[in-house]
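Residue numbers (the working numbering): 82 to 572. For reference, the structure is listed below as structure tokens.
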Ligand SMILES: *Cc1c(COP(=O)(O)O)cnc(C)c1O
Ligand code: SF4
């Protein structure tokens, strides 16, 4: 639509629609703006719900749980309280939730745990944020507590370590897949255990379903990782993950930081931790830990090297006033924090919650970096979404806020292809749910396949997968249609 000069002058002289807020007018620096007529803008005024990302849950929300009804804010802020009261056994959950939830729900949890690839570990902080009046639909419950009734049969193409990290691992606890980046896994414990963990092949202790490959947090093993990194001049970027950096004592944070910073070609270090999402109080109340991180960040900055914290929020429900204060503390201290979410069905796979999450993170100066398509790991079919839904979400999220705060939607190509923009498939059939990707920087000779969860396919697609004899034909067909017949599918 084009506006004539007259239209524009009409707009300029239109009625005043927005008054300046009281707060602004009270500020003497703005007083003189009072007389300015604000033109009727073409854009509709927002409604209150559009700003929900600026609201942070505060007050003693944990006291709603009978078990924590006498816990003071001072106590709740202590990491020792959070650790001592973390739930690691289903029986403990029974006690804690007695009278709060239907016994049938607890029975469902017991049955779910028996089939789970991950152990249970939940902080009181997260427990208190779950809506126990409706645990089946709660986005935090879904991430940490399995229920058998929701489990779906695995896709026939799923494997446990779908990312093949062990194949790209030159020494224990180090993955070197990309040209200049390495992933250092110094430990195998986390402050919580996420049901959907990509590294369920290694994280936590053994469950009935999975005997874990183990790299114990013995610093001697770290030396082999440092030696490898030092021997490869192309490595500029080291992700310190695990496990979780939150579980490293301050001296170990310093040790890792100093060793890596001392390797001349290492230019960027990211400490990865789920911590800010599940135990945000640690940043405020465990000063030795925060100060160790801040020291490494500052030391890196002096050397012209970038040291940052990468974290993992999935739902706006994980974010409270405690989180906001913790993130503000890090921001003030000059620590860059970025976020990597996992796209989870029923948790953040709807437009409203994803936009809310992205805006809330941005509001706290946490940069939304990635949203990952759920990896093809066993025992979690009810958490995965389709490629189509990731693409559609991205379409709606982009534009909702600043571009630099808009996450990239990626999938980690099964079979070791590494991260790919979800949109970048050579071929995708929403009926069979098969998508075909290439990853030339990792291997020019291969194609990488992702399979949507069968229950989300149209009936026609579900019928195709019902017949095992057709699987290979469907896969060959998808590769042929992608135009990559000459390439080998990664397995
Ligand atoms: C994700 C990942 C990295 C870091 O990748 P970015 O895209 O730079 O965040 C490095 N190594 C491995 C093996 C990874 O999976
Ligand atoms: S915090 Fe990260 S590494 Fe640990 S269980 Fe959760 S997803 Fe896995």
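Just so it is clear, CB atoms sit at the ideal spot from N, CA and C, and this is done for glycine as well.
Review point. In terms of residue numbering, what span does the alpha helix (DSSP H) encompassing residue 189 cover?
Key: 184-195
Check your understanding: Is the beta carbon of residue 397 less than 8 Å from the beta carbon of residue 346?
Key -> no
Exercise for review: For the segment 417-434 and the segment 455-474, state whether three or more C-beta atom pairs, one from each stretch, are separated by less than 8 Å.
Suggested key: yes
Review point. Does at least one heavy atom of ligand 2 sit under 7 Å from the Cβ of residue 389?
Key: no
**Study point:** Strand pairing of residue 451, partner residues [DSSP]
**Key:** 421, 489
Exercise for review: Reducing DSSP to helix, strand and coil, say where residue 354 ends up.
Suggested key: strand
Point to revise | First through last residue of the alpha helix (DSSP H) which encompasses residue 404 | key: 402-413
Check your understanding: Which class does residue 339 belong to by DSSP, given the choice of helix, strand or coil?
Key -> helix
**Study point:** Best match in 452, 537, 208, 370 for proximity to residue 148 [C-alpha to C-alpha]
**Key:** 208
**Study point:** residue 354 versus residue 160 - alpha carbon distance
**Key:** 15 Å
Practice item. Grab me the residues of residue 527's own chain with a C-beta within less than 8 Å of its C-beta, minus the 5 sequence neighbours each way, in chain order. Key: 496, 498, 519, 520, 568, 569, 570, 571
Review point. Going by the beta-carbon positions, is the gap between residue 392 and residue 431 smaller than 8 Å?
Key: no
**Study point:** Between the CA atoms of residue 266 and residue 295 - distance to the nearest angstrom
**Key:** The predicted position of residue 295 is uncertain, since its pLDDT is 45 and thus under 50; a value taken from the coordinates is nonetheless stated next. In a straight line, the C-alpha of residue 295 is about 11 Å away from that of residue 266.
**Study point:** residue 273 and residue 225 closer than 8 Å at C-beta
**Key:** yes
Review point. How close, in whole Å, do the beta carbons of residue 254 and residue 228 come, if the pair is a contact with beta carbons under 8 Å?
Key: Wrong, their Cβ atoms sit about 33 Å apart, outside the cutoff.
Check your understanding: Alpha carbon to alpha carbon, how far is residue 553 from residue 559?
Key -> 10 Å
Check your understanding: For residue 235, which of 154, 196, 217, 341 has the nearest alpha-carbon?
Key -> 196
Exercise for review: Could you have a look at residue 394 and say whether DSSP puts it in helix, strand or coil?
Suggested key: coil
Review point. In chain order, what residues of the same chain lie with their CB nearer than 7 Å to the CB of residue 510, ignoring the 5 residues before and after it?
Key: 559
Point to revise | residue 264: CB within 7 Å of a non-hydrogen atom of ligand 1 | key: yes
Review point. What is the DSSP secondary structure of residue 263, counted as helix, strand or coil?
Key: strand
**Study point:** Minimum C-alpha distance to residue 300 - residue among 330, 317, 311
**Key:** 330
**Study point:** Same chain, Cβ closer than 6 Å to residue 256, neighbours up to 5 away in sequence not counted
**Key:** 246, 249, 250, 264
Practice item. Express the C-alpha separation of residue 219 and residue 200 in angstroms, rounding to a whole number. Key: 19 Å
**Study point:** Cβ-Cβ distance between residue 239 and residue 213 below 8 Å
**Key:** no
**Study point:** residue 351 beta carbon less than 8 Å from that of residue 317
**Key:** no
Review point. Residues bridged to residue 532 by DSSP?
Key: 515
Point to revise | residue 448 beta carbon less than 8 Å from that of residue 486 | key: yes
**Study point:** Unbroken beta strand (DSSP E) run spanning residue 319, endpoints
**Key:** 318-321
Review point. Considering residue 223, what are the terminal residues of the beta strand (DSSP E) in which it resides?
Key: Per DSSP, residue 223 belongs to no beta strand (DSSP E); it is in the alpha helix (DSSP H), 220-225.
Review point. In terms of residues, what are the limits of the beta strand (DSSP E) holding residue 500?
Key: 499-502
Check your understanding: Does the Cβ of residue 54 lie closer than 7 Å to at least one heavy atom of ligand 1?
Key -> With the chain covering 82 to 572 only, the question about residue 54 has no answer from this structure.
Check your understanding: Are the CB atoms of residue 401 and residue 137 nearer to each other than 8 Å?
Key -> yes
Point to revise | Interface flag, residue 426 vs chain D, CB-CB below 8 Å | key: In summary, chain D is missing from the structure at hand, where a single protein chain is found.
Practice item. Check residue 474 in the structure and name its three-state DSSP category. Key: helix
Practice item. Could you tell me how far apart the beta carbons of residue 516 and residue 530 are, in whole angstroms, since I believe they sit closer than 8 Å? Key: 7 Å
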